[in-house]
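Numbering (this note's numbering), first residue to last: 1 to 473.
Set out below in structure tokens:
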């Protein structure tokens, strides 16, 4: 059937229910969907609209009463079947432009939609409850773990002050190091749990920005010096001396990025640059760049970096350690501070991490800092190495730069072995291995034997491997 208003209006096969009724409330047309949904075998024509929507329409002597607002807006009503059972519908009732006192009602059955919405709400509530239970469990477990770890750490430090035996001291230092690593993992898991549960809050306060960077630098300078990696830090004079932000979390982000840079960089340099990029009212945007000349990653693997419990390669986790939470936590912290974090990297060429955050400035303190203020406007710290280090030539086996770097690291390796500092010896061994990645097979075999000798703490085999490697140099 078609209802005509100057043109064909095919509605008989429409999926939604369609009624046409006049000012008296008498239905003059109902399509097939309406008859089926309302379970009327005979035609609905002649019945009143109040029979279908008794909650919204009331019959009177010569028409109907309603508070329903006619128009194009959708409204939720309750439709009654012939057997007086009902179901929810989404309706739109409009007045015909061509036929005065004639109304067209279009209604969709939303019973299934409401049921699915209830199911979704229920599932969402269950998921939220499960997340809450998980978060509370993780928080409790991490707190419980911290107690025995700190107990072991405290006792170990006391023993280190009294024990004289070198072998025992070595074991105690290993325990101390493991406890420190365990505490870092516990803190990461706790932070991640709070962030995931939405319970993490920043604690902004006024602090001295360059002093904070000095603190970060001093935490890493010893290891940088040991590995012989160049380190450079510059700060724009446009950044005021004092800013308002969560100092501890900014330190956490920088420490994580610098630790990763140190972990994955054997030769070359690490640079840190901080610049001011924007100001809105009493807030400024700071842009941090942390660049290294380390192992880098493929472009296809960049997206994995910021995923929780994810590492680009499982072998990286086995070799370098880590939970895969650090960068995910950094990403969430940066976003909480109104910024974003990105990475550019190339395999065997190094990585550049950059992130922005917003911090507050105090009235009267947003002024440029000049080098004359105390030399702190530009922080420029150099560990062994120069800014002109060509890491491409250093990592390319057989070049003069590569041979020179190998000789230096071999000398440091032997010195550590003679002092029985096997932990540092392993660090220099990793650097040597990276410097010989492109070496011929016979050299790679020597490197492998030397690495095994260091791991087994065999002085004789390390000496033999050292002499054999020197013959290739």
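All C-beta atoms, glycine included, are put in the ideal place defined by N, C-alpha and C.
To the nearest angstrom, how far is the alpha carbon of residue i from that of residue j?
i           : j           : result
residue 93  : residue 38  : 18 Å
residue 266 : residue 426 : 12 Å
residue 207 : residue 234 : 19 Å
residue 281 : residue 330 : 26 Å
residue 147 : residue 215 : 27 Å
residue 158 : residue 238 : 47 Å
residue 339 : residue 257 : 16 Å
residue 466 : residue 410 : 7 Å
residue 306 : residue 189 : 15 Å
residue 217 : residue 449 : 36 Å
residue 456 : residue 150 : 29 Å
residue 134 : residue 57  : 51 Å
residue 24  : residue 64  : 6 Å
residue 236 : residue 273 : 8 Å
residue 166 : residue 173 : 10 Å
residue 69  : residue 103 : 12 Å
residue 341 : residue 212 : 20 Å
residue 127 : residue 120 : 10 Å
residue 14  : residue 42  : 19 Å
residue 48  : residue 194 : 59 Å
Thinking C-beta only, is residue j closer than 8 Å to residue i?
i           : j           : result
residue 345 : residue 302 : yes
residue 16  : residue 139 : no
residue 294 : residue 230 : no
residue 287 : residue 271 : no
residue 145 : residue 186 : yes
residue 72  : residue 91  : no
residue 432 : residue 406 : yes
residue 22  : residue 101 : yes
residue 462 : residue 394 : no
residue 34  : residue 53  : no
residue 19  : residue 30  : yes
residue 472 : residue 443 : yes
residue 192 : residue 283 : no
residue 28  : residue 45  : yes
Going by C-alpha distance, which of the options is nearest residue i?
i           : options            : result
residue 437 : 396, 339, 249      : 396
residue 85  : 18, 339, 40        : 40
residue 299 : 90, 64, 343, 435   : 343
residue 219 : 259, 19, 200, 180  : 259
residue 175 : 156, 452, 26       : 156
residue 226 : 430, 442, 13, 444  : 430
residue 355 : 254, 326, 119      : 254
residue 77  : 50, 96, 64, 25     : 50
residue 408 : 435, 420, 422, 419 : 435
residue 285 : 333, 337, 445, 326 : 337
residue 334 : 202, 459, 441      : 202
In the structure shown, what three-state DSSP assignment does residue i receive?
i           : result
residue 317 : In this prediction, residue 317 has a pLDDT of 46, which is less than 50 and means its spatial position is unreliable; nothing more can be read from the coordinates.
residue 481 : Absent from the structure is residue 481, since the part of the chain shown begins at 1 and ends at 473.
residue 105 : strand
residue 100 : coil
residue 395 : helix
residue 360 : strand
residue 455 : helix
residue 79  : strand
residue 181 : helix
residue 473 : coil
residue 430 : helix
residue 67  : coil
residue 88  : strand
residue 299 : helix
Contact criterion: CB-CB distance below 8 Å. Does residue i meet it with respect to chain D?
i           : result
residue 328 : Absence of chain D from the displayed structure is noted, only one protein chain being present.
Give a single yes or no on whether residue i has its beta carbon closer than 7 Å to a heavy atom of the ligand GDP.
i           : result
residue 442 : Within the structure as shown, the ligand GDP is missing, as the structure has no ligands at all.
Are three or more beta carbon pairs between the region 198-214 and the region 239-257 nearer than 8 Å?
yes
Quick check: the region 238-245 against the region 253-273, are there 3 or more CB pairs under 8 Å?
no
Three or more C-beta pairs under 8 Å: does that hold for the region 396-405 against the region 352-360?
no
Counting pairs of Cβ atoms below 8 Å between the region 123-142 and the region 166-181, do you hit three or more?
no
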